[in-house]
Amino acid sequence: MKKILLAVCGVSVFLISSLVVHAESIRQFNVELEVNKDGSIEVLEKILYDFDWQERHGVFRDIPNSYGEEMIRADVDFLSVTDEDGRVYTFNEEYVSGYDRIRVGDPNSTISGEHWYYISYTVDGVVNGFEDHDELYWNVTGDMWEVPIESSSITITLPRGDGSELSDVACYNGYAGDTYTDCTYDFAGRVAKYQMNSSLQGYQQWTVVAAFDKGLAAVAGYINPRVTPVYSTLFVDGENMGQVGYPIRVAEGSHEIEISHGIRYEPYYDEVEIVAGETVIISETLNRTMWGYLLEMVLPILLSLFALYLVIMLWYKKGRDPKGRGTIMPFYKPPEGISPGEAGVLVDEKADLHDITATIIHLAVKGYLHIKKDVEKKFLWGKETNYTFIKKKELKAKISVNSKASGENPLDFEKKLFDAIFSKSDVKEVELKDLQKSFYKKLPGLKDSMYGHATEKGYFADNPDKVRGKYIGWSLFAMFASFAISFFLTGAFESAMYLLLIPVGVVFFILSFSMAKKTQQGIEMYEKILGHKMFIETAEQDRLKVLFSPKEYQDVFEKNLPYAMVYGLDKEWGEQFEGLYEGVPGWYHGDNDFHAFTRSMTYLTRTSVRALTSNPNGGSSSGGWSGGSGFGGGGFSGGGFGGGGGGSW
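Here you go:
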């Protein structure tokens, strides 16, 4: 039963769709065509279009203006559209690639039933010349009608001439390329009449051929303009033939040529003699006018410089740090009131993994945790190094961001880091490799806390990460806009100089990473940090011996180590204390000599960066025309000039 119902539904849908498709039709498609002595033709199409019950605005008609693989152009001019009583229809002309279109009817009202459309137009240069005759090869209806054409006829009238007359006619019908001849014709003197014997289905067409004595109508030749700049406009005898780039058919004889390209180029004028069937090639480079130089050379440079000026001024006003003292003096100890994590944010305006690793060492120096190094054998000869963090005491104290002692007492983000490592209160030891299972989730919050702390403490005018993100977003939009605008202007003015706008967008993108602005307080602290970095970078054992007593070596090394890690100088800092500092810090277990300890700290930094950002689920959290005759076996449906199609709207 279900199968029967489905079959009935399918048949019903097919029948309904068929009725809809064939609800509209063309009852009659009759054409009167006159050939003029200059090789142009005047066409009057009398179309009786049946809209049936459908409410439509009117019809549209497409006439090809380009033919063949070489896209040879023939000029089409629509003259008028009326009904059978001569009442004028309103219509709009449109250009659809390869076609001239008229859209007939009122967009504010609809019609139904049968309506006549008398469409009048001219086409230039459509007479083909052969050795023993000239010929008109015309596609009457075209194959772009979706609706059936029930009846169609065409009458061709040649110009008057002494003893000149038609010598042969033919017709073809069907789909494009078919050679069926289901049509009748009759000719005498200079008049030929053709009639279709049956209707044409949707997308079918018919074509007629008329051969006549040579010299009766001007045979077309060709103008092939090869002009720089491209997209220049060609005028033949004052008539706009469109943009250059394709051969254009024109009647034989003398013609005045103009090639222009707006106000940016001086127009080119010439008079050419067209010979039937031959091509005149015009190769010219138009000369720029003063406006051309301004629009194609000067304006893009000025626009690019102005845009660059705006970008630089934006950075100067919003991103440039205030002036500090300008003199960097060495600081032999960490600046008062700033922790290693804060120093790391001030150094590069970023809260990164090195700052977090340095903070872990800082907490170890303060006695909150110990670090144990374990070396495990793997397989027969391999080894695997792992680190374990051991909680020594609870980290509970928090101080105000405005406290002067932030280098000594735990800060909010240090508390969050400590809790992220020892997330379970009853767990005293945590292996570094175990943190990769969950620590990556805590990183965004830790970084936000570090940025927020540096901002609240007055080192930055605003959260540097948010400022950077905002300007990066704007710069990406500006880069996209610069691409779009530059390519638009390059196309509009045909000047690659407008591509200079693209590097401006790139400059904005680069500067967006430097838009986090330090305050006066921040720049002063930054200079102190640079002084401290200078000390660590240039410290030598002889100088250390002068500045500090042997009893101070351990304290000096350990307190400065987290800052050296932030500066990326931990290896250099350790090398200066070899021979001065015996043994290893009390918070470190695993190596007994100082050299091995410093190497272990470098390795810990690398492995921590990998482990703390590792996501166990994968990834990381950071980060138709025929040039031949229509006779002698060369004719077919769809050949020749004319054709196109149409429909309702």
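In this note's numbering, the protein residues as written are 527 to 1175. Note that CB positions come from ideal geometry on N, CA and C, so glycine has one too.
My understanding is that residue i touches residue j, with C-beta atoms under 8 Å, so please give their C-beta distance in whole angstroms.
i, j, result
"residue 767", "residue 601", "6 Å"
"residue 785", "residue 794", "4 Å"
"residue 678", "residue 555", "4 Å"
"residue 553", "residue 676", "5 Å"
"residue 782", "residue 763", "5 Å"
"residue 1107", "residue 1120", "5 Å"
"residue 917", "residue 950", "In fact, because the Cβ distance is near 10 Å, the residues do not count as touching under 8 Å."
"residue 1048", "residue 872", "7 Å"
"residue 479", "residue 583", "No answer is possible for residue 479: the residues shown for the chain start at 527 and end at 1175."
"residue 899", "residue 883", "Incorrect: roughly 15 Å between the Cβ atoms, too far for contact."
Are residue i and residue j closer than 8 Å when you measure CB to CB?
i, j, result
"residue 835", "residue 818", "no"
"residue 736", "residue 714", "no"
"residue 1169", "residue 668", "yes"
"residue 848", "residue 1046", "yes"
"residue 603", "residue 648", "yes"
"residue 598", "residue 748", "yes"
"residue 776", "residue 760", "no"
"residue 708", "residue 724", "yes"
"residue 557", "residue 666", "yes"
"residue 1135", "residue 881", "no"
"residue 586", "residue 637", "no"
"residue 939", "residue 867", "yes"
"residue 1246", "residue 700", "Limits of the chain in this structure are 527 at one end and 1175 at the other, which puts residue 1246 out of reach."
"residue 1178", "residue 810", "The requested residue 1178 does not occur in the structure, where the chain is confined to residues 527 to 1175."
By the three-class DSSP mapping on this structure, what secondary structure does residue i have?
i, result
"residue 1159", "Residue confidence is low: residue 1159 scores 49 on pLDDT, short of 50, so the model does not pin down where it sits. No coordinate-derived value is stated."
"residue 666", "coil"
"residue 1069", "helix"
"residue 766", "strand"
"residue 629", "strand"
"residue 997", "helix"
"residue 726", "strand"
"residue 1174", "strand"
"residue 759", "strand"
"residue 1138", "helix"
"residue 848", "coil"
"residue 638", "coil"
"residue 837", "helix"
"residue 1124", "helix"
"residue 1029", "helix"
"residue 1004", "helix"
"residue 752", "strand"
"residue 794", "strand"
"residue 1169", "coil"
"residue 547", "For residue 547, the predicted model reports a pLDDT of 47, less than 50, meaning its position is unreliable; a value from the coordinates is still stated below. Helix, per DSSP."
"residue 658", "coil"
"residue 984", "coil"
"residue 562", "coil"
Would residue i be called buried (16 or more neighbouring beta carbons within 10 Å of its own) or exposed?
i, result
"residue 1175", "exposed"
"residue 591", "buried"
"residue 930", "Note that residue 930 has pLDDT 46, beneath the 50 cutoff, so the model's placement of it is unreliable and no number is given."
"residue 705", "exposed"
"residue 1087", "buried"
"residue 664", "buried"
"residue 654", "buried"
"residue 612", "exposed"
"residue 1149", "Since pLDDT at residue 1149 reaches only 41, below the 50 mark, its modelled position is unreliable, and no value is offered."
"residue 757", "exposed"
"residue 1131", "buried"
"residue 671", "buried"
"residue 1051", "buried"
"residue 1172", "buried"
"residue 1138", "buried"
"residue 623", "exposed"
"residue 1033", "buried"
"residue 621", "exposed"
"residue 807", "exposed"
"residue 964", "exposed"
"residue 933", "With a pLDDT of only 45 at residue 933, under 50, the local geometry of the prediction cannot be trusted, and the value read off the model is given with reservation. Buried."
Report yes or no: is there a C-beta of chain D within less than 8 Å of the C-beta of residue i?
i, result
"residue 632", "In summary, chain D is missing from the structure at hand, where a single protein chain is found."
Worksheet item: If we count Cβ pairs, one from each stretch, closer than 8 Å, do we get three or more for the segment 846 to 857 versus the segment 1043 to 1063?
Response: Between the segment 846 to 857 and the segment 1043 to 1063, the count of C-beta pairs closer than 8 Å reaches three or more; the two stretches touch.
Item to complete: Examine the Cβ distances between the segment 681 to 696 and the segment 639 to 649 and report whether three or more of them are shorter than 8 Å.
Response: Between the segment 681 to 696 and the segment 639 to 649, the count of Cβ pairs shorter than 8 Å is below three; the stretches do not touch.
Worksheet item: Would the segment 995 to 1003 and the segment 880 to 896 be scored as touching if the rule is three or more Cβ pairs under 8 Å?
Response: The segment 995 to 1003 vs the segment 880 to 896: no contact.
Discussion item. Taking 8 Å as the cut-off, does the segment 557 to 572 touch the segment 741 to 754 (at least 3 CB pairs, one atom from each stretch)?
Written reply: Yes: the two stretches touch, three or more of their Cβ pairs being nearer than 8 Å.
Discussion item. So, does the segment 968 to 979 touch the segment 988 to 1000, judging by three or more C-beta pairs under 8 Å?
Written reply: As far as the Cβ criterion goes, the segment 968 to 979 touches the segment 988 to 1000, which means the pair count is three or higher.
Discussion item. Any contact between the segment 833 to 850 and the segment 1034 to 1045? By contact I mean 3 or more CB pairs, one from each, below 8 Å.
Written reply: Touching, yes.
Discussion item. So, does the segment 1016 to 1032 touch the segment 1061 to 1081, judging by three or more C-beta pairs under 8 Å?
Written reply: Output reads no: the segment 1061 to 1081 does not touch the segment 1016 to 1032.
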